[in-house]
Amino acid sequence: MQCTNHAEKEAEAICSDCSIPVCHECMVEVAGQHFCRSCLEKRIMNQTEHISEEPISSPGNKSKFWAFVSSLIPGVGYMYLGLMRRGLESMILFFGTIFVSSIIHMDELVPFVLPVIFFYSIFDTQRLVGQMIDGYQVRDQALLDWEKIGSRSTIIAYVLIGLGTLALLNNLLPQVFFYNGLANRLVPPLLILGLGIFILYRSTRKGGSEDGI
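If you read the sequence shown in numbering that gives the first Met the number 0, its first letter stands for residue 0, the second for the next number, and so on.
As structure tokens, then:
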């Protein structure tokens, strides 16, 4: 098999991106993978563009004191530093926990989850403002790695199923003999339970189809 770019030379590898045969001169090996030079250049350009698109927060006149005061409300400290994405995610996690626990009538979630978010927000805000004052550029990266979370859909499904089951039992057992708005209390846990089962079903089917391939 001849090299695509040099017909007089034998190909030594296949490009991992475009699958063309390349000789030793055209081949670049990176982390055990072989690429032609044009594909490698495209990858580098795409990564450079992606990095440049990420918002960068500069120190400006940021104060550790005001960063601490604002971080007492989860998410606000990040926003004070200009990290809007991180701040928005923190607020959604904090107040979303309160909202969900009130809907499914599981107030036990509040003392378990909220202190973790609260103290993490304070210490992380102080860490980031310290980096800014020292002259480092801080990128407004997401608080959660959604790509990794999406790749672990089976674990998420089991968590949702467990949470839905606990919420269902928490609402059902006290109301076995008495009807007091039982339907309204059972619908949210059933929705969470159903969502977990659906995600588990989808991930199982996906895994089965990949094994079949």
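Where a beta carbon is used, it is the ideal one built from N, C-alpha and C, also for glycine. Computed from a predicted model, the values in this text were never measured in an experiment.
Per DSSP, Ile-13 is paired with what? Ile-13 pairs with Pro-20.
On the criterion of 16 or more Cβ atoms from any shown chain inside 10 Å, does Gly-95 qualify as buried, or is it exposed? Here Gly-95 is exposed. Its C-beta has fewer than 16 other C-beta atoms within 10 Å.
Tell me Val-29's beta-bridge partners as DSSP assigns them. Gln-32
By the DSSP assignment, the alpha helix (DSSP H) with Ser-89 in it spans what residues? 83–102
To the nearest angstrom, report how far apart Glu-24 and Gln-32 are at their CA atoms. 15 Å
Would you say Ile-121 and Ser-70 are within 8 Å of each other, going by their C-beta atoms? yes
Using CA atoms only, rank isn't needed, just tell me which of Pro-73, Ala-66 and Glu-28 is closest to Tyr-79. Ala-66
Val-21 versus Gln-1 - alpha carbon distance: When rounded, the distance between both Cα atoms is 8 Å.
In three-state DSSP terms, what is Gln-136? coil
Should Ser-18 go down as buried or exposed, given a rule of 16 or more other Cβ atoms within 10 Å for buried? Ser-18 is exposed by the Cβ-count criterion.
Helix or strand or just coil, what does DSSP make of His-49? Confidence at His-49 is low in this model, with a pLDDT of 48, below 50, so the placement of that residue should be treated as unreliable; the coordinate-derived value is given next. Three-state result, His-49: helix.
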